[in-house]
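Student: Each residue of the sequence shown is one higher than the one before, starting from 19 at the first, in this note's numbering.
Here it is: the structure, laid out below.
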Amino acid sequence: MTVEIQHTPNPNARKFVLPQKMFDRPLNISADNVSSAEQATQHPLALQLLALESIYNVFMVQDFVTVNKYPDATWAGLEEEIVRIVAAYFEIDDEMMPDRSGRG
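Here's what the structure looks like:
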């Protein structure tokens with residue numbers, strides 16, 4: 019799967035664009051929000067991204083994932099790791115995956 023990286027006006031955020039719509043509804047999860055952490059456990063991709071210690075927020079909707087890093091972290095190497103995680107998530111057989119739409 020090809021994942022395109024786009025810069026955003028926020029230097030601590032990157033948009034990772036997917037080749038097609040993958041999420042039916044928005045899902046916004048922050049590492050420091052208890053209810054968001056509970057949501058993350060229901061969405062494996064968000065959980066994997068938030069497991070990266072430099073990441074504090076993941077927003078997924080339609081055909082993209084926006085990831086926010088902490089200001090003191092650098093994008094060097096992090097972008098590639100995020101692309102690897104996102105691509106691997108969507109390359110797994112659909113029958114093996116839970117509902118990826120965010121509906122639970």
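Every residue, glycine too, gets a C-beta built ideally from N, C-alpha and C.
1. Go to valine 35, then tell me how far its beta strand (DSSP E) extends in each direction, as first and last residue.
2. Excluding the 5 residues flanking valine 101 on each side, which residues of the same chain have their C-beta closer than 8 Å to its C-beta?
3. In chain order, which beta strand (DSSP E) runs of at least 3 residues are fully inside the region 54–110?
4. How close, in whole Å, do the beta carbons of leucine 36 and phenylalanine 82 come, if the pair is a contact with beta carbons under 8 Å?
5. Look at the Cβ atom of glutamate 109, then the Cβ atom of methionine 19, and state whether they are nearer than 9 Å.
6. Looking at the secondary structure, which residues open and close the beta strand (DSSP E) in which proline 12 lies?
7. DSSP has glutamine 7 in a bridge; who is on the other side?
Tutor: On the basis of the data shown:
1. Per DSSP, the continuous beta strand (DSSP E) segment holding valine 35 begins and ends at 31–35.
2. Excluding its 5 nearest sequence neighbours in each direction, valine 101 has C-beta neighbours in its own chain below 8 Å: Val21, Ile23 and Phe34, listed in chain order.
3. DSSP runs (the beta strand (DSSP E)) wholly in the region 54–110: 73–80 and 82–87.
4. Correct: roughly 6 Å between the Cβ atoms.
5. Yes, Cβ-Cβ distance for glutamate 109 and methionine 19 is below 9 Å.
6. In the structure as shown, the chain starts at 19 and stops at 122, and residue 12 therefore has no counterpart that could be examined.
7. A query on residue 7 cannot be resolved here, the shown segment of the chain reaching from 19 to 122 and no further.
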